[in-house]
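First comes the structure, then the notes that go with it.
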Amino acid sequence: MPRPSRALDQRLLTAARQLVEAKGFSALTVRAVSARARVNPGMFHYHFKNRRVFKQRMFALFYEDFFRDFLGALGDERDPVLRLRRALTFLGTFIRDHRGLGLALVQDALAGDADTLALIRTHFLRHGRLILEALAEGQAAGRLRPTPLPNVIVSVLGTVGLPFILLEALRRAGTREPFGFSWNVFEEAVAGDAGLAERIQLLIRGLSRGA
């Protein structure tokens with residue numbers, strides 16, 4: 152009997168990513184994923200056995216795509232401050248463009264979902280370590296203030312991560328005038344390229360010697 156096409160597993164993975172970004176991990180059911188991918192549910196079990204294996208595979212592939220492009224954005228830049236700026240710009244843009252998945256991960260992590268926490272421990276330290284290296288090199292070279300790195304990481308999250316998670320949470324809550332601003336004005340200020348670049352500039356300026 153011929154094996155089912157390998158294209159089917161990719162269709163299922165693509166459909167799952169779309170579902171998670173739109174509705175969170177709670178939407179990741181065999182029936183919903185199979186229907187969106189237009190694949191017989193039996194093929195889901197054939198390729199992935201169960202939902203847990205499927206979630207691990209989907210997230211691993213998603214992260215590998217991200218990490219490959221993250222490294223590409225850093226290139227061979229040797230200047231630690233410029234490398235930091237590149238890293239934060241790419242990371243912020245990526246989180247903005249995939250804010251639905253980001254919110255889903257935060258929700259699952261806060262709920263104590265063991266699988267999600269394991270995925271975060273396994274994958275997130277990889278790009279985080281490169282950001283920490285750029286920060287440490289900048290401090291060692293006297294370019295950046297000797298601020299405790301845990302405090303810097305919190306500031307980084309508040310610059311390139313949490314704004315987009317908050318934006319998605321407000322959208323799903325049906326907020327019409329976030330903090331008294333029209334939705335278009337607030338979203339452009341928070342999620343636009345200029346707003347992201349300004350926050351990164353403010354962060355790096357605050358971290359720099361002589362600021």
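So in my numbering, spot 98 of the sequence shown is number 249, and the numbers just go up one at a time. Glycine residues also receive a C-beta, built at the ideal position from the N, C-alpha and C atoms. This structure is a prediction, so every number in the text was calculated from the model and none was measured.
Annotation for S333: no alpha helix (DSSP H) segment contains it, and DSSP assigns it neither H nor E. The three-state secondary structure of L295, taken from DSSP, is strand.
V303: member of the alpha helix (DSSP H) spanning 300-311, first to last residue.
Inter-segment contact for the stretch 164-175 and the stretch 186-206 is present: three or more beta-carbon pairs are separated by less than 8 Å. In this chain, the alpha helix (DSSP H) harbouring T165 covers 158-174. Your pair F176 and S185 does not check out as a contact, with CB atoms roughly 16 Å apart and the cut at 8 Å. Take Q290, set aside five residues on each side of it, and the residues of its chain with a beta-carbon closer than 6 Å to its own are P297, in chain order.
Inter-residue distance for V307 and P314 is about 11 Å (C-alpha atoms, whole angstroms).
At a Cβ-Cβ threshold of 8 Å, E328 and G251 do not count as neighbours. L239 is positioned such that its CB atom lies no closer than 8 Å to that of T180. Burial check for T267: the Cβ neighbour count within 10 Å reaches 16 or more, so the residue is buried. DSSP lists L295 as the bridge partner or partners of S359. A direct Cα-Cα distance of roughly 10 Å separates V204 from H198. No residue range can be given for D264, since it is assigned to no alpha helix (DSSP H) and is classified by DSSP as neither H nor E.
Nearest in C-alpha terms to F221, of all of L212, Q207, P231, F241, is F241. Using a 10 angstroms sphere on the CB of G253, the tally of other CB atoms reaches 16 or more, which defines it as buried. In the structure shown, R327 falls within a coil segment according to DSSP collapsed to helix, strand and coil. Leaving aside the five residues that flank L354 on each side, the residues in its chain whose CB is nearer than 8 Å to its CB run, in chain order, L239, S306, V307, T310.
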